[in-house]
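Protein chains in written order, with our numbering: chain A, 1 to 272; chain B, 273 to 639.
Yeah, the Cβ is synthetic: ideal placement off N, Cα and C, and Gly gets one too.
None of the values given here were measured: they were computed from a predicted structure.
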Amino acid sequence: MTAHAPRRATPSGRLLLNAATGLVLLFLVAPILVVFPLSLSSGELLVLPPPGWSLRWYEDFFTSRRWLSATWNSFVVGGWTMALATTLGTLAAIGIHLGRFRGKAALVAVLSLPIVTPVIVTAIALYFALALVGLGSTLTGLVLAHTVLATPYVLLTVLASLQTFDATLLRAAASLGAGPATAFRRVMLPMIAPGVATGAIFAFATSFDELVVALFVAGPQQFTLPRQMFAGLREFLSPTIAAAAVLLIALSAILLALSEFARARARARGIG
Amino acid sequence: MAQQGDAPLVVFEGVRKSYDGRTDAVQALDFAVARGEFVTLLGPSGSGKTTTLMMLAGFEDPTAGRIVLDGRPINDVPAHRRGIGVVFQNYALLPHMTVAGNLSFPLEMRGVARAEREKRVAEALDMVRLGHLADRRPAQLSGGQQQRVALARALVFRPALVLMDEPLGALDKQLRERMQLEIRRIHRMLGVTVVYVTHDQGEALTMSDRVAVFDHGRIRQFAPPAEVYDEPADAFVASFIGENNALPGRIVARDDAWCSMALADGTTLRARCAPGLAPGDAAVLALRPERVLVGPEAWADNALEAELLETVYFGDHTRLRLRVGGHDEFVARLGFRDGLARPRPGDRIRLAWSAACCRALAPEPAE
């Protein structure tokens with residue numbers, strides 16, 4: 001994609017701008033692109049250029065119990081994290097937006113702390129906290145840990161979508177006979193749905209990509225995909241890791257497309 | 273309209289509202305609205321008229337007092353169970369639903385069957401002449417059309433009471449006047465009770481059966497438009513509604529409903545007298561500019577000559593600013609009269625008005 005050229009740019013100026021833009025994009029994307037040829041290598045080693053081309057490492061991925069179970073774990077943990085974080089984050093955002101109380105900004109800041117706290121700190125804290133209540137090395141513990149990390153993203157995206165929500169609509173709904181639950185379901189939720197959907201996708205992605213907390217909190221039975229890749233890097237370095245990386249990138253791209261789709265649909269319907 | 277007897281539909285009993293626990297947005301309101309009546313709450317912004325409407329709708333809780341709807345106290349009834357139609361200032365149409373969907377919504381909430389819903393939505397849209405726009409979304413409508421959808425939506429479930437919060441505020445003047453007529457037509461047709469909030473005094477006078485004039489959280493006067501205009505209860509009402517000359521002076525003599533009043537320069541005038549004023553009291557003489565007769569042949573029980581300071585041409589009339597009783601802001605209107613020389617600033621002009629047209633009122637306490 002090209003940047004919007006300023007209207008009065010000279011041809012040479014535009015060329016320079018396009019070249020600079022291209023270079024920046026290359027700088028950002030090139031490191032990621034490296035894993036594609038690596039994953040398609042026919043050799044046993046992670047070297048460039050690959051000695052030949054094959055899909056053997058993808059086959060290895062899809063036939064290995066270890067990789068499949070890690071993938072499954074990632075989906076389970078991501079799914080539960082998404083459900084919990086979306087529920088909590090959405091409710092918190094609505095409460096903060098509609099509530100009449102002081103210190104809203106401070107409350108949002110506190111609830112967003114997991115975003116700015118170094119992940120390693122959160123991870124160590126969660127490791128001890130979960131061990132204390134007997135949830136160390138359990139899927140439940142990992143889901144709770146990821147929910148802590150993911151909820152702020154939902155909170156912030158839903159808060160943003162609430163900025164354009166006119167609270168008078170809730171009064172209008174009440175005047176028409178809708179109780180609070182119905183008004184939420186029929187009036188508020190449809191209007192903030194794009195924000196909730198984006199938040200849910202962020203929550204899933206946060207959990208799906210997460211490594212540091214998984215390192216501390218997950219036992220061997222709860223290895224997620226990133227955790228399994230990390231183990232693979234240290235123990236049996238093979239191009240399967242590159243294949244897994246490509247699959248992760250593909251999934252991220254799909255999630256990004258989904259959230260863009262949700263936004264575009266909301267715009268088409270004249271909301272958000 | 274009055275099937276359920278003559279009991280008022282809405283009663284406010286000592287209703288008070290304070291947001292901060294110290295100052296009252298609304299102080300001790302007592303009033304009643306009859307069935308089928310069109311009542312307007314009129315006042316400057318911050319006078320408590322909207323707060324009063326919001327308490328009636330159920331969006332604000334009174335700090336004290338009781339609100340009765342149809343004989344039933346509704347303080348503890350949540351807004352969605354009050355069955356009151358509301359037209360909001362910004363219309364508050366549900367943007368993700370079509371026009372028909374917006375109108376159908378209150379019927380769905382009441383469990384009306386689908387076929388009946390469709391029939392009543394179509395009827396309501398016809399009533400506001402928007403049948404052809406049923407499938408549009410609110411964003412695709414003009415302001416006037418959105419306003420009419422909001423009106424139809426507040427009426428489609430046949431409430432006994434409809435509240436309107438400055439519903440025409442966002443429309444241009446021409447459209448506003450058309451909608452005023454439209455709302456009056458619908459009010460007469462349905463016999464529904466309307467409580468209407470506005471800060472536009474013209475709107476209040478033309479539309480209402482009775483007007484409640486609000487100021488600082490209190491009702492200053494609650495009376496039919498002609499009474500509010502011609503017999504203002506106090507100096508605030510006199511100055512807030514319509515153009516008004518307020519001449520400060522002192523009561524000289526009083527006999528029953530009439531009094532003599534002396535202005536600063538000694539001019540003595542006859543006027544009707546507000547209750548509570550006694551000889552010696554400071555008072556303000558309230559007089560509408562259009563009640564003043566102008567010209568050499570002008571004759572009435574108050575007559576004087578005054579210096580013309582300024583004329584402003586308005587087309588259908590000329591506005592004269594004169595010095596009367598040492599007061600430079602006295603305004604009179606000169607209507608069109610054939611063959612009469614147009615007066616010029618500096619002229620001495622004869623003015624006259626009937627004592628029945630002016631009132632001596634207690635002055636407003638200084639803020």
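- Nearest CB-CB separation between residue 352 of chain B and chain A: below the 8 Å threshold.
- Residue 309 of chain B has its alpha-carbon roughly 11 Å from the corresponding atom of residue 496 of chain B.
- The residue from A:52, A:119, A:40, A:87 with its alpha-carbon nearest to that of residue 247 of chain A is A:40.
- The alpha helix (DSSP H) runs of length 4 or more contained entirely in the segment 392-460 of chain B are, from start to end of the chain, 415-427.
- At a cut-off of 8 Å between C-beta atoms, residue 150 of chain A does not count as an interface residue with respect to chain B.
- Ranked by Cα distance from residue 635 of chain B, the first of B:362, B:294, B:522, B:399 is B:522.
- Inter-residue distance for residue 33 of chain A and residue 254 of chain A is about 17 Å (C-alpha atoms, whole angstroms).
- In this structure, the alpha-carbon of residue 379 of chain B lies about 42 Å from that of residue 514 of chain B.
- Using a Cβ-Cβ cut-off of 7 Å, residue 168 of chain A is close to 360, 362, 364 of chain B, given in chain order.
- Annotation: the segment 534-558 of chain B contains the following complete segments of the beta strand (DSSP E) (minimum length 3 residues), in chain order: 540-545.
- For residue 82 of chain A, no Cβ of chain B is located within less than 8 Å of the residue's own Cβ.
- Checking the DSSP bridge columns, you'll see residue 289 of chain B partnered with B:298.
- Apart from sequence neighbours up to five positions away, the residues of its chain that approach residue 303 of chain B with a beta-carbon distance below 7 Å are 284, 484, 491, 494, ordered along the chain.
- Along the segment 183-202 of chain A, going in chain order, the ones with a CB nearer than 8 Å to a CB of chain B are 183, 186, 187, 190, 191.
- Closer than 8 Å to the CB of residue 175 of chain A there is at least one CB belonging to chain B.
- Rounded to the nearest whole angstrom, the CA to CA distance from residue 422 of chain B to residue 10 of chain A is 53 Å.
- According to the DSSP assignment, residue 374 of chain B belongs to the alpha helix (DSSP H) that extends over 371-381.
- The closest CA to that of residue 244 of chain A, considering only A:35, A:166, A:29, is found on A:35.
- If you compare the alpha carbons of A:260, A:37, A:264, A:228 with that of residue 67 of chain A, the shortest gap goes to A:228.
- Within the segment 456-476 of chain B, not one residue has a Cβ closer than 9 Å to any Cβ of chain A.
- The closest CA to that of residue 219 of chain A, considering only A:142, A:17, A:128, is found on A:142.
- For a Cβ distance threshold of 7 Å, nothing in chain B lies close to residue 141 of chain A: the least Cβ distance comes to about 40 Å.
- Cβ-Cβ distances below 7 Å link residue 351 of chain B to 329, 330, 331 in the same chain, with the five nearest sequence neighbours on each side left out; the list follows chain order.
- For residue 582 of chain B, DSSP records a beta bridge to B:593.
- At a cut-off of 8 Å, the C-beta of residue 373 of chain B has no neighbouring C-beta in chain A.
- Contact annotation for residue 171 of chain A against chain B: 329, 331, 351, 358, 360, 364 [CB-CB distance below 8 Å, chain order].
- Here the segment 572-588 of chain B lies against the segment 615-623 of chain B, with 3 or more beta-carbon pairs under 8 Å apart.
- Contact annotation, residue 199 of chain A with residue 86 of chain A: C-beta distance approximately 6 Å; criterion of less than 8 Å satisfied.
- Contact residues of the segment 117-140 of chain A toward chain B are absent (C-beta to C-beta distance below 8 Å).
- Nearest to residue 206 of chain A by C-alpha distance, out of A:189, A:193, A:224, is A:224.
- The C-beta of residue 378 of chain B comes closer than 8 Å to at least one C-beta of chain A.
- In the DSSP secondary-structure assignment, residue 632 of chain B is bridged to B:545, B:557.
- A check of alpha carbon separations from residue 324 of chain B across B:286, B:343, B:294, B:443 identifies B:286 as the nearest.
- Counting along the chain, residue 165 of chain A sits inside no alpha helix (DSSP H), nor does DSSP assign it H or E at all.
- Boundaries of the beta strand (DSSP E) harbouring residue 493 of chain B: 490-495, taken from the DSSP string.
- Using a Cβ-Cβ distance cut-off of 8 Å, the segment 496-506 of chain B and the segment 347-362 of chain B are not in contact, since fewer than three pairs of beta carbons, one from each stretch, lie closer than that value.
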